[in-house]
Amino acid sequence: MDVTVGIAMQRQATRTRRDSNTDWVAERIGPRIRARRLELGMSMRELARRLGVSPSFVSRLENGRCPPSVGTLRALTSELDISASDLLSDPQAGAA
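Numbering (this note's numbering), first residue to last: 19 to 114.
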């Protein structure tokens, strides 16, 4: 195999792995963000205003279509009064 082709294949595999990890994070925390926001009686528009982002971005977060940056995650945990570990934890891990 040509070295260039091998490197390109490795980059693609790494990118795919990273994307699946990103998807996992987004899919896991999205519903938790929505549930906590609703628990607090906060609208999507209000959360967006407090975070300094658009309501459509909050929608994408809640629907698991994009993961938050570290800065956005910090702001979310502050505004929603929830820890990052609560957002990211596996609920089945405690059941074992």
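Where is the CB? At the ideal position from N, CA and C, for every residue including glycine.
Keep in mind that this is a model prediction, so the values were computed, not measured.
- Message: What does the alpha-carbon distance come out to for the pair Met60 and Trp42?
- Response: Walking along the sequence shown from the start, residue 60 turns up at place 42. Walking along the sequence shown from the start, residue 42 turns up at place 24. Taking the straight line joining both Cα atoms gives about 25 Å.
- Where in the segment 48-76 do unbroken runs of the alpha helix (DSSP H), each at least 4 residues long, occur, reported from the N-terminal end onward? Fully enclosed alpha helix (DSSP H) runs of 4 or longer: 62-69.
- Message: If you measure between the beta carbons of Ile51 and Leu79, is that distance less than 8 Å?
- Response: Counting from one through the sequence shown, the residue named residue 51 turns up at place 33. Counting from one through the sequence shown, the residue named residue 79 turns up at place 61. Taking a C-beta distance under 8 Å as the contact criterion, Ile51 and Leu79 qualify as a contact pair.
- Item | Cut-off 6 Å between Cβ atoms - residues of its own chain near Leu98, not counting five sequence neighbours on either side | Here the question's residue 98 lines up with position 80 in the sequence shown. If the five residues before and after Leu98 are omitted, its C-beta is found closer than 6 Å to the C-beta atoms of Arg54, all from its own chain and listed in chain order.
- Neighbourhood of Arg63 by C-beta distance below 7 Å, restricted to the same chain and skipping five residues each side: Here residue 63 refers to the residue found at position 45 of the sequence shown. Answer for Arg63: Pro73, listed in chain order.
- Task: Could you tell me if the beta carbon of Leu69 falls within a distance shorter than 7 Å of some heavy atom in the ligand MN?
- Result: Because no ligand of any kind appears in the structure shown, any question about the ligand MN cannot be addressed here.
- Task: Tell me whether Pro85 is buried or exposed, calling it buried when 16 or more other Cβ atoms sit within 10 Å of its Cβ.
- Result: By one-based count along the sequence shown, residue 85 stands at place 67. With 16 or more other Cβ atoms within 10 Å, it is buried.
- Quick one, are the C-beta atoms of Leu106 and Arg67 less than 8 Å apart? What you label residue 106 is simply residue 88 of the sequence shown in a count that begins at 1. What you label residue 67 is simply residue 49 of the sequence shown in a count that begins at 1. No, these two residues do not count as a Cβ contact at 8 Å.
- Query: For Ser115, does the three-state DSSP call read helix, strand or coil?
  - Reply: This structure cannot speak to residue 115, because the chain is shown only from 19 to 114.
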